[in-house]
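Okay, so here's the structure we're looking at.
Protein chains: 2
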Amino acid sequence: MRTLDLVLPDTRYPIHIGQGLLDQGGLIARVLPQQKAMIVSNETVAPLYLERLRAALAREGVETLTVVLPDGEDYKDWATLNRIFDALLKAGCERKTALIALGGGVVGDMTGFAAACYQRGVPFVQVPTTLLAQVDSSVGGKTAINHPQGKNMIGAFYQPRAVIADMDLLDTLPDRELSAGLAEVVKYGLLGDAAFFGWLEDNMALLRARDKQALAYAVEHCCRMKADIVGQDEKEQGVRALLNLGHTFGHAIEAGLGFGVWLHGEAVAAGMLLAADTSRALGWISNDDVVRTETLLAAAGLPTRAPDLGAERWMSLMSHDKKAENGSVRYVLLKEIGYAVVANAPTDIVNSILCGKFIQHSLKV
Amino acid sequence: MRTLDLVLPDTRYPIHIGQGLLDQGGLIARVLPQQKAMIVSNETVAPLYLERLRAALAREGVETLTVVLPDGEDYKDWATLNRIFDALLKAGCERKTALIALGGGVVGDMTGFAAACYQRGVPFVQVPTTLLAQVDSSVGGKTAINHPQGKNMIGAFYQPRAVIADMDLLDTLPDRELSAGLAEVVKYGLLGDAAFFGWLEDNMALLRARDKQALAYAVEHCCRMKADIVGQDEKEQGVRALLNLGHTFGHAIEAGLGFGVWLHGEAVAAGMLLAADTSRALGWISNDDVVRTETLLAAAGLPTRAPDLGAERWMSLMSHDKKAENGSVRYVLLKEIGYAVVANAPTDIVNSILCGKFIQHSLKV
Ligand SMILES: NC(=O)c1ccc[n+]([C@@H]2O[C@H](COP(=O)([O-])OP(=O)(O)OC[C@H]3O[C@@H](n4cnc5c(N)ncnc54)[C@H](O)[C@@H]3O)[C@@H](O)[C@H]2O)c1
Ligand SMILES: NC(=O)c1ccc[n+]([C@@H]2O[C@H](COP(=O)([O-])OP(=O)(O)OC[C@H]3O[C@@H](n4cnc5c(N)ncnc54)[C@H](O)[C@@H]3O)[C@@H](O)[C@H]2O)c1
Ligand SMILES: [Zn+2]
Ligand SMILES: [Zn+2]
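Just so you know, the protein sequences line up as chains W and G, in that order.
Read left to right, the first sequence gives residues 1 to 365 (the UniProt record's numbering).
Read left to right, the second sequence gives residues 1 to 365 (the UniProt record's numbering).
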């Protein structure tokens, strides 16, 4: 097991990465203010891992309650969130009762937001069970639910007390979900670490074969970068925005097609390529770099072509993005592989990219 | 106009108290990051003051949008909160668009919570229009909505950028609401300032006649105490709990009778007397002090007798309180007038108080 620390002005917490961690209840028990916790999971993950986690906590003397939500981004809404509040109130849970998220990013984001709001804030712990959640959503304290008019529109910055990333839990993850997580992994290389990007080019096959060592290396690397960035800018007023590489376009894809049609990571993959295309159109990165990016994403099993939403709809969807400012969309773009910046891009260039006029990068498949 | 500053580790903000402030749009405009804001009000307050506030802001170049909610504690719920989110999203509001609460504590609590959650946090300003909101709810950053199973159960600590308390707005406040606000005013005297309690005994008639000078004095005094307490303990881990004097009992009354039957301040008044009774039963305060308290609350036009909820229901309602810990209720009790403490009280004593067995304080009315 390796442990990183995320250090913030007001708090710090450990991110444990390794194998067999689900059974080490002590990693969680030691950060709880009360030997009682509510585990939040979903219908898919609970049958696989809930009883093991409960048993591990019981061995440490922690009494657990559970709430099992329906599975899917469609349920990342107020009505489902309210089921967590109902369960907490029904069980008479107090301000010291912790919430534990056992699941992917959807369960993690909802549990975190519930913890932020219940009685104005109770402790919580993240046990991410998807690769995406391990490298991204469980770390850094962004929590949210969706609004019919926008993804993650209602939420809070609220930090967990600990993150437990157990590689063994990825064994049961569907291939498509593994690939979606790899999109965020590639994102870290692209936005800030060319050497890691190179490592990914060499090791993508191992990762897709779920080699535990390779996965742990990648997760640790991503978490280290995320912890570093969030440590500098918890509330996303500056550098943290770089983590949204591919996300302005990606969110528009998710919303445009209807949440859940494309996976978040798939949309981000296509979105990163649109960002790469835009960066190339601005004369920033080379066509070769765009091709390397596309090749790596394809090797990760990800879509590299965005769906055709129509330029107008694209723009309207993107102007709803949280990064919008005075009505103009701010993009995360690439100066080179491993070096991203936040920038405005001329609307006509972005439009051309979105209409496919500029797309020259695509591999001859 | 007098201005106090609430100083917190991460932020500080002004509380302006005086007359004619609604028309001074500059007080708000200067704290906005963007010359655009959404004013949230309700059906009762909007016809009285909304256009004046909009005009004052327009004079400062601030564009305003509005959302008018139905009036009442019954609407302090998720569905109504969502109307604020709908309006924000429909208008394409961004992270820099501020929310302005124009109303009593219900509008203030909901607007603050909406500001805390919309896109994980946007700026907001409080323009409290009830006495209760001016002396209590608008200051200190507690925001919340109710859950069917408990008042203010879902919320956040989230500070405004400024509070504008204009005494002129109290002219239209119904007498019963003025009295409810006076309950919180009396609370400040009781919990921490015997001299102010004495001032209230001398000036209650002026306050009820809405003498602007007297009101401004009382509001400033209460805000100063609140700012001082919140400055020491933003997240209610210690001294801030004293502000809940009368509230553990009071919340049980509100929930027990159904929200809205008794006003919050009325329930707090009866709750403070139950706390006084309990304190006397413990041998802490004298019967005289209980009588002084009852006399002052009666002079403020407040109920001094709690409704009969039945001891079992009382206890079950109180154990849901946010101040509960390990299942045992923590009370704010009185060592003397002007000196409150957080303490446990033997259940049998509290039970006897609630059953009326100990009640000897009551005035011969
Ligand atoms: N908070 C943040 O900073 C942040 C960052 C990125 C993404 N997100 C959010 O995360 C969400 C996406 O997360 P996700 O990709 O983990 O999706 P997810 O939570 O929906 O999980 C994907 C699927 O895998 C299943 N699953 C999870 N773990 C499994 C396991 N070990 N074995 C078998 N099946 C398993 C889930 O039940 C689900 O069907 C989105 O809502 C996105 O907005 C948040
Ligand atoms: N956040 C906190 O720290 C805190 C503290 C105390 C109370 N509260 C909350 O505050 C709420 C109670 O606040 P409240 O007593 O202001 O109730 P309220 O907001 O319901 O207002 C009382 C009534 O007066 C009307 N009104 C408001 N201003 C008026 C005016 N100037 N002229 C005429 N009518 C006017 C309102 O429309 C309403 O009908 C409760 O929900 C309580 O939980 C919060
Ligand atoms: Zn993402
Ligand atoms: Zn109160």
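Every residue, glycine too, gets a C-beta built ideally from N, C-alpha and C.
In this text the structure is predicted, and so the values were computed from the model without any measurement.
| Query | Result |
| --- | --- |
| In the DSSP assignment, find the unbroken alpha helix (DSSP H) run with residue 287/W in it and report its ends. | 287-299 |
| Let me check one thing: in DSSP terms, what residues is residue 80/W bridge-paired to? | BP columns for residue 80/W are empty, so no partner. |
| Please confirm whether residue 153/G has its beta-carbon closer than 9 Å to some beta-carbon of chain W. | yes |
| Three-state secondary structure (DSSP) at residue 152/G? | strand |
| Of the choices 117/G, 111/G and 122/G, whose alpha-carbon is the least far from that of residue 32/G? | 122/G |
| What do you get for residue 248/G, buried or exposed, if any count of 16 or more other CB atoms within 10 angstroms of its CB means buried? | buried |
| Run through DSSP, which three-state label would residue 235/G get? | coil |
| For residue 223/W, I'd like the list of residues in its chain whose CB is within less than 6 Å of its CB, leaving aside the five on either flank, ordered along the chain. | 4, 15 and 139 |
| Looking at the unbroken beta strand (DSSP E) that takes in residue 343/G, where does it start and where does it end? | 339-343 |
| Would residue 346/W be called buried (16 or more neighbouring beta carbons within 10 Å of its own) or exposed? | exposed |
| Mind listing which residues of the stretch 73-88 of chain G have their C-beta closer than 8 Å to chain W's C-betas, in chain order? | 78, 82, 85 and 86 |
| Please name the residue, chosen from 151/G, 91/G, 251/G and 29/G, that lies closest to residue 315/G on a Cα-to-Cα basis. | 251/G |
| Compare the Cα-Cα distances from residue 47/G to each of 67/G, 37/G and 35/G and report the closest residue. | 67/G |
| Whose Cβ in chain G lies nearer than 9 Å to the Cβ of residue 149/W? | 85, 86, 89 and 90 |
| What residues in the stretch 115-132 of chain G bring their beta carbon closer than 9 Å to a beta carbon of chain W? | 116, 117, 118, 119, 120 and 121 |
| Please state whether DSSP places residue 346/G in a helix, a strand or coil. | coil |
| Would you decide whether residue 55/G is buried or exposed? Buried here means 16 or more other CB atoms lie within 10 Å of its CB. | exposed |
| Taking 8 Å as the cut-off, is the CB of residue 49/G close to at least one heavy atom of ligand 2? | yes |
| Starting from the N-terminal side, write out each stretch of the alpha helix (DSSP H) that is 4 residues or longer and does not extend beyond the stretch 9-63 of chain W. | 26-29 and 51-59 |
| Measuring alpha carbon to alpha carbon, tell me which residue in 287/W, 78/W and 340/W is nearest residue 147/W. | 78/W |
| Could you tell me which chain G residues have their CB closer than 9 Å to the CB of residue 157/W, listed as they occur along the chain? | 120 and 121 |
| Where does residue 328/G sit, in a helix, a strand or coil, going by DSSP? | strand |
| Exposed or buried, what is residue 166/G when buried is set at 16 or more other beta-carbons lying within 10 Å of its beta-carbon? | buried |
| Would you report the Cα separation of residue 219/G and residue 185/G, rounded to the nearest angstrom? | 8 Å |
| If you measure from the beta carbon of residue 66/W to each beta carbon in chain G, is any gap under 9 Å? | no |
| Can you pull the chain W residues whose beta carbon is under 8 Å from the beta carbon of residue 29/G, in chain order? | Going along chain W, no residue has its Cβ under 8 Å from residue 29/G, so there is no contact; the nearest lies around 17 Å. |
| Residue 347/G CB to nearest chain W CB: under 9 Å? | no |
| Going along chain W in order, which residues have a C-beta closer than 9 Å to the C-beta of residue 226/G? | Within chain W, no residue comes near residue 226/G; the closest Cβ sits about 17 Å away, beyond 9 Å. |
| Give me the Cα-Cα distance between residue 102/G and residue 22/G, rounded to the nearest whole angstrom. | 10 Å |
| What three-state label does DSSP hand residue 6/G in the structure shown? | strand |
| Which value, in whole angstroms, describes the spacing of the CA atoms of residue 163/G and residue 124/G? | 9 Å |
| Verify the contact flag: residue 247/G, CB atom, against every heavy atom of ligand 4, threshold strictly below 8 Å. | yes |
| Using a cut-off of 7 Å between C-beta atoms, extract the partners of residue 319/G located in chain W. | 92 |
| Identify the continuous beta strand (DSSP E) that holds residue 125/G and give its terminal residues. | 124-128 |
| Relative to ligand 4, is the shortest distance from any of its heavy atoms to the C-beta of residue 316/G smaller than 8 Å? | no |
| Tell me, please, whether the CB atom of residue 143/G is closer than 9 Å to any CB atom in chain W? | yes |
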